[in-house]
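> Residue numbering for the sequence shown follows full-length UniProt numbering, beginning at 1 and increasing consecutively. The structure that follows is given in the form of structure tokens.
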Amino acid sequence: MLNKLSSSFNHSKLAIIWLVLVVLSCALLLKQWGFSSSVPIETDIMKLLPQSRQDPLAQVAFDRVTSSVSDKVVFVLKGSNDQQLFAAAESLQNSLSSLNAFSQVTGKIEQQKQNTWSRYYFSHRFQFLTDEQRSRLELAPEQQVQKVIQTIYNPFSGVTGSELSSDPFLLFRDYLSHLNQLTTQFQIQQGFLTTQFQNDTYVLITATLADSPYSMSAQQVVPTLKSLEQTLKAQYDVDSAHTGVLFYADFGTQSAKSEISTIGLFSLLGVIVIVLFVFRSAAPLLLALLSISVGLLVALVATTAIFGKVHLFSLVFGASLIGVSIDYAFHYLTDRLAAQDKWDSIKGLQHIFTAITLGLITSLIGYLGLLIAPFPGLQQLALFSAIGLVAAYATVVAWYPILARKATANRPLPGEMLWRWWLAQWQKRGVRTSLPLALLIFSAVQLTQVNYDDDIRQLQAMPKELKQQEELINQVSGVKSSQQMLVVRAESDEQLLIKLEQLDRTLTQWKLQQTISGYQSLSQYLPSIERQKSDYQLVSNLYQNYGPSLSESLKLSAQPTLTEPMIPVSLADYLNQNVSEPVQFLYLGKIGESVASVIMLRDVSNSDEINAFTSQRADISYLDKAGEISALFGEYRTKVMELLAAALIGISLLLAKRYGVAHTIRIVFPCMVACLVGIAVTTLTGSTLNLFNLLALVLVVGIGIDYTLFFAEQAQSRSTLLAITLSAMTTLLSFGLLSLSETHAIHSFGLTTLSGIFVAWLLSPLAIKRQKIQ
1 MLNKLSSSFN HSKLAIIWLV LVVLSCALLL KQWGFSSSVP IETDIMKLLP
51 QSRQDPLAQV AFDRVTSSVS DKVVFVLKGS NDQQLFAAAE SLQNSLSSLN
101 AFSQVTGKIE QQKQNTWSRY YFSHRFQFLT DEQRSRLELA PEQQVQKVIQ
151 TIYNPFSGVT GSELSSDPFL LFRDYLSHLN QLTTQFQIQQ GFLTTQFQND
201 TYVLITATLA DSPYSMSAQQ VVPTLKSLEQ TLKAQYDVDS AHTGVLFYAD
251 FGTQSAKSEI STIGLFSLLG VIVIVLFVFR SAAPLLLALL SISVGLLVAL
301 VATTAIFGKV HLFSLVFGAS LIGVSIDYAF HYLTDRLAAQ DKWDSIKGLQ
351 HIFTAITLGL ITSLIGYLGL LIAPFPGLQQ LALFSAIGLV AAYATVVAWY
401 PILARKATAN RPLPGEMLWR WWLAQWQKRG VRTSLPLALL IFSAVQLTQV
451 NYDDDIRQLQ AMPKELKQQE ELINQVSGVK SSQQMLVVRA ESDEQLLIKL
501 EQLDRTLTQW KLQQTISGYQ SLSQYLPSIE RQKSDYQLVS NLYQNYGPSL
551 SESLKLSAQP TLTEPMIPVS LADYLNQNVS EPVQFLYLGK IGESVASVIM
601 LRDVSNSDEI NAFTSQRADI SYLDKAGEIS ALFGEYRTKV MELLAAALIG
651 ISLLLAKRYG VAHTIRIVFP CMVACLVGIA VTTLTGSTLN LFNLLALVLV
701 VGIGIDYTLF FAEQAQSRST LLAITLSAMT TLLSFGLLSL SETHAIHSFG
751 LTTLSGIFVA WLLSPLAIKR QKIQ
């Protein structure tokens, strides 16, 4: 039926139609990429991931927190000479400020700003207490008097007469120290934030990007930043370290570009060498490159049109499409080479049409199977590859009968004796039985050693140098970034602060139990108005009841009295002040009918306990994006295995109608063994398995079954073996290069596909009917 359908086409009209579509694709590509204000390439690794499966508020919280953190770039400078160190810090601040890449640079803090911060908190000093102060004033207020006396008589305390006059119980200095400890370990020295770590002085400078760290324009500043650091080292003899999403995003972009160019270049070189060696003519090479180019062109245009942007991760995988899309060209060209002077381009297409069409369908089953995973990156990859294959197939069907009308020179097939010998081996029952059996035994042994690791961080290569610098900055600053958080909802801002204060007890308990190492909450910086009133009353009682005794003990000229009224500070008032800048990202604002805030958790060691707690509270959600996606990886491993089984059943049913049950088993069996070997080889190398290894098996089935199909369909076994071998060589080259990737997910995907495709090729002659071998 398919042959009749193929022969009914008027290839001239078909070629014109396909030419028009390709020309339109070229025009659309020019519009998308040439006249666009920005290159439609996505580099944000988080764009590969699904949206949160929790309530929408959790996703909003994650998006807002990550966006507030991701645009920050942090530098620390270290030097043995303070004068040189602060000169270097000022130089770096000025250099960063001159760059258009940054909207704000924070280095030297002006005295006026310092005074503004101090004045704000000082004006509310009688209603802001630390937990320790609050507990002391509630249970043993007389201890505050003793604390003041001890501080006064400490020669290093630095208490002045002016301070004692404005704050006789010295509550404010302890509260200010508490705030500094909450924010960072840094102190202000010569206007810069500095700290001591391992007997060295460090200066902190931060900058805020004007654009997303994942944009190409923002990443262009990275070489300049590295050059600035080298200049500081040469001029001021200071060491520097940096961290920020920008540097990881840039590394990922450069790695992806390198891998795309490496995979694409070596795949193309491999195709060129193979075609020239086998066909010894430029015409087959040009035809092969034509189908590859059209496939990639149409795939790129369609993907950009559907998704708006093409992710670099998809382009890395898409570069391997070269080795797959050329299969159809190889089968046509080897058939032409085998026919010699009897070549008829239309009949040649008819001869392979059924095989390549069934091959396309089975490959599409494999690629489109990736759509089951809820990962936008994988869905994009699936469509990119599927569209590219269809376009390469259409190029062979529409243009090759016209462009390859001329027969090749009469000469034997390359490797004629080798192909004869190899096919003869498959006539031996021992080979047909022992080789698959040996592979099955090998796989069974290795599969007992399988270990799974679904960690999301496998999606991104983590360069050692950047990790070391990030760890140093974490140690120096005492602050460690985290994406694990609690999302708290309430009806109003005041109710929100009250809930946050109530949660402090639970969070403190978790710290004692080492469930977490610390947390950051708005309640640590601003008490609720209800608590402000309570704290003010405690301070008022302290002045009233212990003012006389303090005055007598210190021989004060006037008895301390509290005359300043309480001025309640609402959350809205606080967030409008500059002092709240470091913690404004914690407040999510009004979302729907509620207001919400997040509590950042550090070093979570027991997620189960936190989940158990939040599951009992409708107003609190625990958000662990990395853990959530990692759990999704685990769930979809099972679903992909089910998909794989369904794909094999679907392909078998499709083929059974044409080939019968017994022959269909011989067609499908090599792919099943190839899947097992692919997993076994990956395990043998010491790699842990993940979702990507199983997704690779979907492709092994989709691509590998082409080999057995061509043997089952065509009687010219030697030319078929040559075409299959050429296809396998280019496919192995493409996915073999993927296995060299620095990103573990891509590496394991390539390794599993590489070994699986090789075994599929190795066992493909099992599908030959004995009477058909020639």
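Backbone N, C-alpha and C fix where the C-beta goes; we use that ideal spot for every residue, glycine too. Predicted, not measured: the structure shown is a model, and the values here were computed from it.
Could you check if Val661 is buried or exposed, using at least 16 other CB atoms within 10 Å of its CB as the buried criterion?
exposed
> Please identify the residue among Ser255, Thr506, Ser291 whose C-alpha is closest to the C-alpha of Val271.
Of Ser255, Thr506, Ser291, the residue nearest in Cα terms is Ser291.
> Excluding the five sequence neighbours on either side, which residues of its own chain have a C-beta within less than 7 Å of the C-beta of Ala88, listed in chain order?
Leu77, Gly79, Leu232, Tyr236, Val238
> Note down, one range per segment and in chain order, each alpha helix (DSSP H) of at least 4 residues found wholly within the region 224-302.
245-279
> For Thr752, which residues of its own chain have a beta-carbon under 6 Å away from its beta-carbon, when the five flanking residues on both sides are left out?
Gly678, Thr682, Asn693, Ala696
> Taking C-beta to C-beta, are Ala760 and Cys671 nearer than 8 Å?
yes
> With 16 other CB atoms within 10 Å as the buried threshold, where does Ser741 fall?
buried
> May I ask you to report which of helix, strand or coil DSSP gives Ala207?
It is a strand residue.
> Answer yes if the region 99-110 comes into contact with the region 629-639, meaning at least three C-beta pairs across the two stretches below 8 Å, and no otherwise.
no
> Go ahead and pull the three-state DSSP assignment for Ser594.
strand
> Is the beta carbon of Ser314 closer than 8 Å to that of Ser734?
no
> Which word fits Gln181, buried or exposed, when buried means at least 16 other C-beta atoms lie within 10 angstroms of its C-beta?
Gln181 is exposed by the Cβ-count criterion.
> Per DSSP, which one or two residues make a beta bridge with Phe75?
Ile205, His242
> Check Phe128 in the structure and name its three-state DSSP category.
Reduced to three states, the DSSP call for Phe128 is coil.
> Can you confirm whether the region 572-579 touches the region 529-544 when touching is taken to mean that 3 or more C-beta pairs between the two stretches lie within less than 8 Å?
no
> Can you say whether Met417 is buried or exposed, counting buried as having 16 or more other CB atoms within 10 angstroms of its CB?
exposed
> When burial is assigned at 16 or more other CB atoms within 10 Å of the CB, is Leu644 buried or exposed?
buried
> Which residue's Cα is closest to the Cα of Thr201: Thr151, Ser477, Leu29?
Looking from the CA of Thr201, the closest CA among Thr151, Ser477, Leu29 belongs to Ser477.
> Taking the alpha helix (DSSP H) that Val569 belongs to, which residues open and close that run?
Here Val569 belongs to no alpha helix (DSSP H), and DSSP marks it neither H nor E.
> Which of helix, strand or coil does DSSP assign to Leu556?
coil
> Could you pull out every residue in the same chain whose Cβ sits closer than 6 Å to the Cβ of Leu228, ignoring the five residues on either side in sequence?
Ser95
> Taking the DSSP output, what are the residues bridged to Ser734?
Partner(s): none; Ser734 has no beta bridge.
> For the putative contact between Gly244 and Phe192, defined by C-beta atoms under 8 Å, what is the C-beta separation to the nearest angstrom?
In fact, because the Cβ distance is near 19 Å, the residues do not count as touching under 8 Å.
> Residues bridged to Arg602 by DSSP?
Gly518
> State buried or exposed for Asn690, treating a residue as buried only when at least 16 other CB atoms are found within 10 Å of its CB.
buried
> Per DSSP, what kind of secondary structure is Leu85 in: helix, strand or coil?
helix
> Could you tell me which residues DSSP pairs with Arg489 in its beta bridges?
Arg489 pairs with Ala596.
> Can you pull the DSSP bridge partners for Val310?
Ile41
> Just the C-alpha distance for Ser91 and Gln190, rounded to the nearest angstrom, thanks.
14 Å
> Alpha carbons only, please: which of Glu564, Pro565, Met566, Gly547 is nearest the one belonging to Ser557?
Gly547
> Classify Glu593 as buried or exposed, calling it buried when 16 or more other Cβ atoms lie within 10 Å of its own Cβ.
exposed
> For the region 112-131 against the region 214-225, are there 3 or more C-beta pairs whose distance is under 8 Å?
no
> Ends of the beta strand (DSSP E) at Ile188?
In the DSSP annotation of this structure, the continuous segment of the beta strand (DSSP E) that includes Ile188 starts and ends at 187-189.
> What's the C-alpha gap between Leu296 and Gly388?
In this structure, the CA atom of Leu296 is about 6 Å from the CA atom of Gly388.
> Identify, in the order they occur along the chain, each residue of the same chain with its Cβ nearer than 7 Å to the Cβ of Phe307, setting aside the five sequence neighbours on each side.
Sequence-distant Cβ neighbours of Phe307 in its own chain, meaning closer than 7 Å and more than five residues away, are Gln380.
> Among Ile17, Ala392, Tyr574, which one has its Cα closest to the Cα of Ser363?
Ala392
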